[in-house]
Amino acid sequence: MRIDVYTWQDAYVSTIGPEELLSLTHTDELNGEDSVDIVTTFALKQGYRLVWADRLGKVHEHVCQDPKGLHAGGDTVYTDTAINSICETYGDYIEDKRPYGYGFLQALNVCLGPTRWTAGTVDRTGTVDKGLTFYHTSAREALQSILECGGELETEITVSGGKVTSRRVGIRSHRGAKGGHRRFTYTKDLASVSRTEHYGAITACYGYGKGIETDTGGYGRKLTFGDINNGKNYVEDATALGLYGRPDGRGGRAHVFGQYENSNCEDAATLLAETRAYLDSRKEPGMTYEADAVDLMQFGRDWEGVAVGDDVQIVDTAFSPALRCEGRVTKLVTDQLGGTVRVTLGNVTETIADMWLAQQQKLSSLSKRSSSWDVAASTPPSYLQQVMDSMNVQFNLAGNSYVHTSFERGLIFGSVPLDADGRSTTGDGMAMQLCSQGFRIAGGCKADGSWDWRTFGTGKGFFAEFICFGTMLGDLIKAGTIQDRSGKNYWNLDESEVHLGPGAKLDGKDIATTNAVVKSTVKLYAKNQSDTVPPLNMQNPELGWSEDIPEWENGYFIWEMDRITYGDGSVNHSSPVLVAALNKANQSAYDLNQSLRDLDTTVNDLAKDGVVTEAEAAAVKKAKQDVDKEREEMTSQFNALKSNKALSAQFLSSVLGPRYTKAFGTTDEGGTYGAYADKVDKVLKCKTAEELKAVMYEYDAAYGAYSSAVKDYADAATGARHAIEQENAKDYADGILSAYDEQMDQKAIFDRLTNGGAEQGLYMSNNRVYLNASYVATGTIADAKGRNTWNLKEGVLTTNYMTAKNITASGTFTCGNSSCYTMLNGYGQMEGYRKKGSASSPSRVGYIDFSTSVRDIPTNTTLYGLQFQADGAVRISSPSLSVKASSDTSETTTTGLTGEKSIRYMSDFKELDDGRLRFYYTTGNIHFINGFCTSCSL
């Protein structure tokens, strides 16, 4: 392991290698402490930045706070507790910002404005508190105030070229793995796990809000919600009452009351909801458990990769009845050199799923330990070699031993000084005892200070709670159970029982058992507002599920499960799982549109007063960074779709690819992003209100084109994912392309479309397909490249590259986008529409029509022709204009002058004494553009 060291100014200092690094312990707590305790012979200094990667490859950056040097054995050993580098934002100051009611991403951008940190993943929905302000505070304190509104903190460090290239802050709705797939059961005899009860359960709760203002200006009784809660100023939980209520002396149960208070709440309905939420969080005893990850391995192999924030299902049998709840991994303390991990679990909410699981059989102690054998059996030799190399380094660095010798105990070697009985004098350390019985090894001490012996070797063999090896050779295995990772296949040596689950193969072929052959498997879909609890009804498992993928919407999550039908007709269902890729893709599209809307709002707010301040420019740049980040995510997902072999090449080249290019391609490729980004930059460069007003017209048009292109691409990408999910990329999921199969012959196509010829509307003759009906209600007809489609169900005809002859049309014809377009109306007028200023919708700004008629007075005749109408001005941009007093287009026209003409004219005259007049002359200039006089300096 290595640690790169930088100064507080990010200048590289040195690298701490394995020879210098004696200890490194990382403490990571959910929304809490993130620090490393380091012991090294390298000279640490205050402000040094420690950049390192953990065993999973994640990069961390911690800042030294108060290093101390200690002389030991001729060397100086330095120790310090370094904290997460987000601490540097305590030095970034915010004078006065009011992000009340903002979304979490927008509020985070305001918070990070004065820092060098940028926003990372923000999937926390909703808004911050309406009263949230950043007033005379640091950016770090402002960030903490956002977290108090909801969300969990996550930092991300990126390293490239030997230095930190980016620092990001994320606000997650749920940090860590969701779903509670890990299970932890606490029993009274589980001595290796410490258990703490923080508070008892309450079964009902009073709620109080802000004091009600009186006529004299003071405040009276606090707000309650009895008027909207059947006269009760408290909420209650009947299930909690049955479990944790006190005896009432009459054979029943009495409530254990709690109290919730929010002095800022002025709405009774809000107070009622908040009090209910508080009761839900306290209707079970608050428990935390601490254990080493190695000890937790007996509860399942998944504990090997535990991370902060992971959901855990907890069963505590020390309660009666047993406490069953859903918890989180709230803290990890990891020895980065020794590899040991201390895990802290805590409960949060009750789950019904655990109630259903109460009837399951208990696991035997041997099956509990089976996952430990799995770890040993699947550990690769290369990893074992790394472990042994690392252990040799540690032995070489810290191999000093204290020795105790006695007739009764033999030899005891300790890593710390020993007392007269061979016990640790510090209450910790490691030890090995060697005597005539064999040897035993302790990795620590018990609570009473005695050695915790866990590994033994005698003449009868070796005994250990955990054994790690590469290849095991043996003549006879006599007891226990051998099973695969999933537990579907196992060999119980004690009972002489072999079990092969579904999907097991023998010599590459499926093993078919009586009445267990899988006849069919169908994938079902449903959506739910929870991404942790599936929408599953135990009495009717398929209630609300369908074979069609539901339409995604923000705040909902799409789930899938398999309906498995066996040969005997019985049906089973797999456990529901989140469709992670589909949910992520849809969320990314939603986030991009949301970021784009936020940027548009920021730009329009900027333009209201006609002045671009530095703060407004910074806000625009921050919002644009969010748009760019979401655009990069969409590009990454497009590349993944493009490389997916299940996606039709035709769909990719004709629909998905062109729509991606139009949205995100370069300007030369016809992409709209470049033009939009240019207009945003152009807005920021404006110096006057008039200049800003003119540029905003161009900005509105560019925004409309880009946002429309993004939506079109997102729709196509959704269709592509649907097709891939259904393993039929030739179906156009949005109905743009009809389903067809080029490998089928015409007869097969005819039979498919007409239900074997039973339905009318299509028939074949001479190898051609004919439509013979006045009404056809079916799907979409499209050309081979998808440029022209006819959606018969919706009655929509879409065409590109159309050549039409002798066409008669009525109604309106529109061309453009939602923000700026041209319309040919039913009166023969060609109208122009666009958004004016900050208007939410476009309105008409002018039109051209042929209804004009004027009377020529000299000839007393009526003349007909063309009429231009504009709300503000008519603009002509052309190098030259030419005119002719004739309607004959074959005649030569005269071009108007563009330039300057000088004229001499009389500027004054004066009467002389003798009666004569004296005239004074001067020269003036007249400026023309295309024959129009634009200015005159006379």
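Take any residue in the sequence shown, count from 1 to its spot, add 24: that is its number in this note's numbering. All residues carry an ideal CB built from backbone N, CA and C; glycine is no exception. Just so you know, these numbers come straight off a predicted model, no measurement behind them.
- Glu221 counts as exposed, since fewer than 16 other beta carbons sit within 10 angstroms of its beta carbon.
- Assignment of Thr913 by DSSP, reduced to helix, strand and coil, places it in the coil class.
- The continuous stretches of alpha helix (DSSP H) do not include Ser570, and DSSP gives it neither H nor E.
- Between the alpha carbons of His951 and Gly125 lies a distance of about 55 Å.
- Taking Phe463 as the centre and dropping the five residues before and after it, the same chain places the C-beta of Met456, Gln457, Gly481 closer than 7 Å to its C-beta, in chain order.
- Non-local C-beta neighbours of Trp569 in its own chain, meaning closer than 6 Å and more than five positions away in sequence, comprise Leu548, Ala550, ordered along the chain.
- In this structure, Asp702 sits near Ala726, with a CB-CB distance shorter than 9 Å.
- About 11 Å separates the CB atoms of Ser190 and Thr179; that is not less than 8 Å, and the two are not in contact.
- Under DSSP, the beta-bridge partners assigned to Leu48 are Ile62.
- Here the C-alpha atom of Asp624 lies approximately 44 Å from the C-alpha atom of Gln283.
- When DSSP states are grouped into helix, strand and coil, Pro123 belongs to the coil group.
- Of Arg879, Val651, Leu708, Ala444, the smallest CA-CA separation from Tyr730 is found for Val651.
- Met454 is classed as buried because its beta carbon has at least 16 other beta carbons within 10 Å across all chains shown.
- Of the candidates Ser47, Glu935, Ala228, Met930, Met930 places its Cα closest to the Cα of Tyr944.
- Between the stretch 735-746 and the stretch 671-691, the count of C-beta pairs closer than 8 Å reaches three or more; the two stretches touch.
- Taking Ala664 as the centre and dropping the five residues before and after it, the same chain places no C-beta closer than 7 Å to its C-beta.
- In this structure the stretch 80-88 does not touch the stretch 37-48; the number of beta carbon pairs closer than 8 Å is below three.
- Scanning its chain for C-beta atoms nearer than 6 Å, with the 5 sequence neighbours on each side dropped, one finds around Arg192 the residues Thr142, Gly144, Glu180, in chain order.
- According to the DSSP assignment, Gln507 belongs to the beta strand (DSSP E) that extends over 505-507.
- Following the DSSP letters along the chain, one finds Ile226 in no alpha helix (DSSP H), marked with neither H nor E.
- For Asp937, no beta strand (DSSP E) segment is defined, and its DSSP state is neither H nor E.
- In this structure, the straight-line span from the alpha carbon of Tyr258 to that of Phe249 is close to 8 Å.
- By the criterion of a C-beta distance shorter than 6 Å, Gly467 is surrounded in its chain by Met454, once the five residues flanking it on both sides are discounted.
- Per DSSP, the continuous beta strand (DSSP E) segment holding Tyr871 begins and ends at 867-880.
- Classified as exposed, Pro271 has fewer than 16 neighbouring CB atoms from the shown chains inside 10 Å of its CB.
- Contact between the stretch 714-726 and the stretch 640-654 is not established, with fewer than three Cβ pairs separated by less than 8 Å.
- Spanning the alpha carbons of Tyr159 and Ala166 requires a straight line of approximately 9 Å.
- Taking C-alpha positions only, Ala741 is separated from Phe662 by approximately 8 Å.
- Arg683 carries a helical assignment under DSSP once its states are collapsed to helix, strand and coil.
- Judged by beta-carbon spacing, Leu303 lies beyond the 9 Å limit of Glu350, meaning their Cβ atoms are not closer than that value.
- Taking C-beta separations shorter than 7 Å and ignoring five residues to either side along the sequence, the partners of Ile953 in its chain run Thr922, following chain order.
- It is roughly 19 Å from the alpha-carbon of Gly889 to the alpha-carbon of Gly850.
- Take Cys844, set aside five residues on each side of it, and the residues of its chain with a beta-carbon closer than 6 Å to its own are Ala725, Gly728, Arg858, in chain order.
- Here Arg79 is exposed, its C-beta having fewer than 16 other C-beta atoms within 10 Å.
- Proximity to Thr917 across Tyr426, Gly955, Gly446, Tyr102 peaks at Gly955, based on C-alpha coordinates.
- Ranking Arg199, Ala643, Glu112, Leu671 by CA distance to the CA of Leu129 puts Ala643 first.
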